[in-house]
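Beneath this line is the structure, given in structure tokens, with notes to follow.
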Amino acid sequence: MEIKTTIPIEKKYKGFNETFKLCAFSLAFAFLYPNRKTALKRCLTITLIVTFCGGQLFWFITYTFKCLYTLDLYNFARNMTLAVVLILFFVKTYYAIYATQKFAPLLDKISEDLLEANNLGERQQKLYDEHIKIAKVGEISWLLVPVLMSALFPIYAGTLMSIESIQTDDYQRRMVHDMELLYVEDIQSETPFFQCMFAYNCVQCVVLVPNYCAFDGSFCIATTHLQLKLKLMALKVSDAFKYSKNKYELRMKMNEAIRDHQDALDFYVQTQNVFGPWLFAVFLLTSFLISFNLYQIYLLQRIDPKYTSFGVVGVLHIYLPCQYASSLTKVGD
Numbered sequence: 006m007e008i009k010t011t012i013p014i015e016k017k018y019k020g021f022n023e024t025f026k027l028c029a030f031s032l033a034f035a036f037l038y039p040n041r042k043t044a045l046k047r048c049l050t051i052t053l054i055v056t057f058c059g060g061q062l063f064w065f066i067t068y069t070f071k072c073l074y075t076l077d078l079y080n081f082a083r084n085m086t087l088a089v090v091l092i093l094f095f096v097k098t099y100y101a102i103y104a105t106q107k108f109a110p111l112l113d114k115i116s117e118d119l120l121e122a123n124n125l126g127e128r129q130q131k132l133y134d135e136h137i138k139i140a141k142v143g144e145i146s147w148l149l150v151p152v153l154m155s156a157l158f159p160i161y162a163g164t165l166m167s168i169e170s171i172q173t174d175d176y177q178r179r180m181v182h183d184m185e186l187l188y189v190e191d192i193q194s195e196t197p198f199f200q201c202m203f204a205y206n207c208v209q210c211v212v213l214v215p216n217y218c219a220f221d222g223s224f225c226i227a228t229t230h231l232q233l234k235l236k237l238m239a240l241k242v243s244d245a246f247k248y249s250k251n252k253y254e255l256r257m258k259m260n261e262a263i264r265d266h267q268d269a270l271d272f273y274v275q276t277q278n279v280f281g282p283w284l285f286a287v288f289l290l291t292s293f294l295i296s297f298n299l300y301q302i303y304l305l306q307r308i309d310p311k312y313t314s315f316g317v318v319g320v321l322h323i324y325l326p327c328q329y330a331s332s333l334t335k336v337g338d
């Protein structure tokens, strides 16, 4: 008796989670993946993490107000540069959880379209390949930028202390973000408090990274996918006029193109509803970040590499969404 075994053919295109693994992992790690059943649990978990970081937030806020009260404008501007990043973190985190009901169908639709691509022709699949690559550029960009920026602060402080410790025993102990810690100013540079605070600050850097990798990267993926849908629809219209043998076949193909156009419009509305408020917050707050950064450079009369890099990232934070949005507008035209 002969036993026949069938080996399943691996599909070329897979769902969102497998196609954009970095973004999906970041969404899950940041507790932003739009699972409708776990929205409340994710909200509580993030709130607990924020509570764990509450000590640092207390010291940061009190020191910022002290700088403002004493007119220490340089340190106030330095703190406000970081404050924008923290505000964006809170806005983005709780907004993404609030928008779970709108965000989940968006990712589901991307997965559905990717799986349907396995049944399309060669020319359509070529378009899919091109746009998946473009989307992955945005995905990787929003992985590298936050990771490098978060790593810069502890690495910068650690490197300076290592160099100074080789040169002298009486070296300056530098925090991840230098500031006065209310009620513990006398011991903040003493062992073991300093080492514990340094590790505590590094944990907060790790907490920030996935948030910026996840939601920002998903915007690049969504806008690129909308470009793809518009190009596929345009290709279908072109083929309808080129290859239809009679008016009935032309009408049938145009009806399909109209359905695709409506599908693209629905996806556009979904994308706008999910990312519109976030884009407004990004442009508004990032403008403040760049302004405070420039004012800080003006007061210092030189470029501080650690904090000036935030200004550069602020420009990127505006440029990347604008680049993907303008590419979408160009395709629409």
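In the working numbering, the protein residues as written are 6 to 338.
A virtual CB, placed ideally from N, CA and C, is assigned to each residue, including glycine.
Since the structure is predicted, the reported quantities are computational estimates derived from the model, not experimental observations.
Segment limits, alpha helix (DSSP H) that includes residue i
i, result
"residue 59", "59-74"
"residue 392", "This structure cannot settle anything about residue 392, because the visible part of the chain is limited to 6 through 338."
"residue 256", "252-305"
"residue 181", "Unbroken run through residue 181: none, as it is neither H nor E."
"residue 197", "Element bounds for residue 197: n/a, residue is neither H nor E."
"residue 98", "78-103"
"residue 29", "26-34"
Of the residues the options, the one placed nearest residue i, counting alpha carbons only
i, options, result
"residue 267", "237, 109 and 244", "237"
"residue 284", "302, 328 and 165", "328"
"residue 273", "73, 246 and 233", "233"
"residue 241", "256, 289 and 186", "256"
"residue 121", "67, 196, 17 and 102", "17"
"residue 219", "36, 321, 20 and 19", "36"
"residue 83", "275, 192 and 183", "183"
"residue 50", "260, 30 and 102", "102"
"residue 113", "297, 56 and 275", "275"
"residue 157", "181, 306 and 29", "181"
"residue 226", "75, 115, 175 and 179", "115"
"residue 56", "265, 95, 289 and 38", "95"
"residue 145", "214, 160, 162 and 198", "214"
"residue 110", "47, 38 and 77", "38"
Outcome for residue i when other beta-carbon atoms lying within 10 angstroms are tallied against a minimum of 16
i, result
"residue 7", "In this predicted model, residue 7 has a pLDDT of only 48, less than 50, meaning its place in the structure is not dependable enough to derive any value."
"residue 204", "exposed"
"residue 69", "buried"
"residue 117", "exposed"
"residue 208", "exposed"
"residue 278", "exposed"
"residue 42", "exposed"
"residue 326", "buried"
"residue 31", "buried"
"residue 217", "buried"
"residue 170", "exposed"
"residue 97", "buried"
Closer than 8 Å to chain C by CB, residue i
i, result
"residue 128", "Of the chains in the structure shown, none is chain C; there is only one protein chain."
Any non-hydrogen atom of the ligand NAP within 7 Å of residue i CB
i, result
"residue 151", "By its list of ligands, the structure shown contains no ligand whatsoever, and the ligand NAP lies outside what it can speak to."
Spell out a yes or no on whether the segment 54-69 and the segment 117-137 are touching, meaning 3 or more CB-CB pairs, one atom from each, closer than 8 Å.
Contact annotation: the segment 54-69 does not touch the segment 117-137, with fewer than three C-beta pairs closer than 8 Å.
Should the segment 73-89 be called in touch with the segment 297-313, which here means at least 3 C-beta pairs below 8 Å?
yes
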